[in-house]
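Asks: Just so you know, we're using our numbering here: the sequence shown kicks off at 99 and counts up by one.
Built from N, CA and C at the ideal position, the CB exists for glycine as well.
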Amino acid sequence: MECEAISHLTGSMVYLDDRAGSFTIDMKIRARARLLNNDRIQIKYPRNREILKRISKNVLKFLGYDGGIEVWVKPELRGIEFPIESICSALTIAIAGAISTENGSVNILRIDKYLMEQFIEIDGGVVNKIDLVRICAKYAMRFDMLCSSMFGGFFLCDNKNHEIMRRGEMEKLHAILLERKNLIRDTESIRNELEIIWDEALKGNLYTAMRLNARIFCDKKFVDNLIKSGALTVTVSENFIIALARGEEIIKNLNRGIRTRITNEPTKVLINPRKILKMREFMKMDGARGYYFI
């Protein structure tokens with residue numbers, strides 16, 4: 099039995115050592131998990147293999163599966179080092195989906211007329227995605243990035259205590275990723291400035307927070323030129339400058355970089371649902387009352 103899942107790249111909007119915020123970018127990572135009859139755990143991905151093995155082992159134990167697993171991870175674009183948080187979202191959901199093909203099902207929860215959410219059931223109980231996030235977060239990963247990739251949209255989190263401070267959907271903007279070297283890495287010397295940026299983000303001024311974040315960690319002139327060119331905001335994430343714009347023409351005028359869009363899509367398995375449940379039916383299932391909704 100096997101299952102494939104898709105997660106998305108995450109971008110950073112503000113970062114302190116103990117708190118951070120991120121959002122989801124429409125660049126996909128696929129993970130395909132296959133159940134094994136033995137206890138072997140095999141990861142078909144060249145980076146962070148040992149950590150991914152340990153996480154897979156913990157997820158199998160948490161979900162009550164005694165066998166082994168084989169997982170293939172494939173980013174949409176080669177040459178880009180996707181954050182391990184995005185990889186773990188796809189990996190853990192693929193594992194849960196694979197187990198559900200043998201001992202459960204994949205279903206849809208109809209929350210209201212317009213809002214639906216995929217969920218996985220194993221042995222009659224609901225798999226709570228936030229539990230999978232917390233398993234991964236034990237391995238010194240950014241809790242905000244794990245949440246953003248798993249649930250979609252943006253998250254502002256206390257990464258030390260694994261608490262969600264604010265979350266929501268992003269505007270579906272056009273984006274371009276520009277690779278930059280020599281970005282500032284020292285956060286301690288600019289702690290006060292980062293506290294101000296965090297407060298702006300927590301108040302909901304996300305675009306202002308991103309722009310300030312970029313001007314601190316990158317060449318100010320470069321950031322300002324992107325804004326003058328029509329970018330709505332700019333932020334820094336890993337080795338990339340990310341420019342966001344409402345109009346596609348602005349992005350097209352930048353003749354380099356990777357063009358994409360912002361997304362609010364969560365990590366999900368690529369399986370047709372067995373059932374569509376209303377909230378009343380869903381709440382009767384084991385684990386439903388502690389389920390973290392979108």
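Does Phe338 pass the burial test, meaning 16 or more other C-beta atoms within 10 Å, or should it be called exposed?
Replies: On the sequence shown, position 240 is the one that residue 338 refers to. Counting Cβ neighbours within 10 Å, Phe338 comes out buried, since at least 16 surround it.
Asks: What separation, rounded to the nearest whole angstrom, lies between the Cα atoms of Ile369 and Ala299?
Replies: Taking the first residue of the sequence shown as 1, we reach residue 369 at position 271. Taking the first residue of the sequence shown as 1, we reach residue 299 at position 201. Whole-angstrom Cα-Cα distance: 36 Å.
Asks: Between the segment 353-368 and the segment 285-305, are three or more C-beta pairs nearer than 8 Å?
Replies: no
Asks: Excluding sequence positions up to five away, which residues of its chain have a Cβ less than 6 Å from the Cβ of Pro173?
Replies: Taking the first residue of the sequence shown as 1, we reach residue 173 at position 75. Once the five neighbours on either side are set aside, the close Cβ partners of Pro173 are Ile127 and Phe180.
Asks: Which residues share a DSSP beta bridge with Lys366?
Replies: Numbered from its first residue, the sequence shown carries residue 366 at position 268. Ile104, per the DSSP bridge assignment.
Asks: For Glu168, report the span of its beta strand (DSSP E) as first-last.
Replies: Locating residue 168 in the sequence shown gives position 70, counting from the first residue. Counting along the chain, the beta strand (DSSP E) containing Glu168 begins and ends at Gly166 to Pro173.
Asks: Which term fits Phe121, buried or exposed, when burial requires 16 or more other beta carbons within 10 angstroms of its beta carbon?
Replies: Position 23 of the sequence shown, counted from the start, is the residue given in the question as residue 121. Answer is buried; the Cβ neighbour count reaches 16.
Asks: For Thr285, which of helix, strand or coil comes out of DSSP?
Replies: For the purposes of this step, residue 285 is taken as the residue at position 187 of the sequence shown. Residue state, collapsed to three classes: coil.
Asks: With DSSP as the reference, label Asp242 as helix, strand or coil.
Replies: Numbered from its first residue, the sequence shown carries residue 242 at position 144. Reduced to three states, the DSSP call for Asp242 is helix.
Asks: How about Arg232 and His260: do their beta carbons lie closer than 8 Å?
Replies: Residue 232 sits at position 134 when you count from the first residue of the sequence shown. Residue 260 sits at position 162 when you count from the first residue of the sequence shown. In this structure, His260 lies closer than 8 Å to Arg232 by Cβ.
Asks: In this structure, does DSSP put Phe180 in helix, strand or coil?
Replies: Within the sequence shown, the letter at position 82 stands for residue 180. If DSSP states are grouped into helix, strand and coil, Phe180 belongs with coil.
Asks: Go through its chain and collect everything with a Cβ distance to Gly202's Cβ below 7 Å, but skip five positions before and after it.
Replies: Position 104 of the sequence shown, counted from the start, is the residue given in the question as residue 202. Excluding positions up to five away in sequence, the list reads Ile218, Glu219, Ile220 and Asp221.
Asks: Hey, would you say Asn146 sits closer than 8 Å to Ile182, going by beta carbons?
Replies: Here the question's residue 146 lines up with position 48 in the sequence shown. Here the question's residue 182 lines up with position 84 in the sequence shown. Yes, Cβ-Cβ distance for Asn146 and Ile182 is below 8 Å.
Asks: What's the gap between the Cα of Asp317 and the Cα of Asn226?
Replies: As a working note, residue 317 is residue 219 in the sequence shown. As a working note, residue 226 is residue 128 in the sequence shown. Looking at the two C-alpha atoms, the distance is approximately 42 Å.
Asks: Would you identify the three-state DSSP class for Lys270, choosing helix, strand or coil?
Replies: In the sequence shown, counting from the first residue as 1, residue 270 sits at position 172. It is coil, neither helix nor strand.
Asks: Between Ile52 and Arg152, what straight-line distance do the alpha-carbon atoms span, to the nearest angstrom?
Replies: With the chain covering 99 to 392 only, the question about residue 52 has no answer from this structure.
Asks: Just confirm the distance between the C-beta atoms of Ile295 and Leu271, as a whole number of angstroms; I'd bet it's less than 8 Å.
Replies: Indexing the sequence shown from 1 puts residue 295 at position 197. Indexing the sequence shown from 1 puts residue 271 at position 173. No, Ile295 and Leu271 are not in contact; Cβ-Cβ is about 19 Å, not under 8 Å.
Asks: Reducing DSSP to helix, strand and coil, say where Ala343 ends up.
Replies: Numbered from 1 along the sequence shown, position 245 holds the residue referred to as residue 343. Assigned with DSSP and collapsed to three states, Ala343 falls in strand.
Asks: Per DSSP, what kind of secondary structure is Cys316 in: helix, strand or coil?
Replies: Stepping through the sequence shown from its first residue, residue 316 is reached at position 218. Coil at Cys316, not helix or strand.
Asks: Assess contact between the segment 196-213 and the segment 234-249, defined as three or more Cβ pairs (one per stretch) separated by less than 8 Å. Is contact present?
Replies: Touching, no, given that fewer than three Cβ pairs across the two stretches are closer than 8 Å.
Asks: Excluding the 5 residues preceding and the 5 following Gly223 in the sequence, name in chain order all residues of the same chain whose CB lies nearer than 6 Å to its CB.
Replies: Indexing the sequence shown from 1 puts residue 223 at position 125. Excluding positions up to five away in sequence, the list reads Asp384 and Gly385.
Asks: Hey, how far is the Cα of Ala131 from the Cα of Leu107?
Replies: Start at 1 with the first residue of the sequence shown, and residue 131 comes out as number 33. Start at 1 with the first residue of the sequence shown, and residue 107 comes out as number 9. As the crow flies, the alpha-carbon of Ala131 is around 19 Å from that of Leu107.
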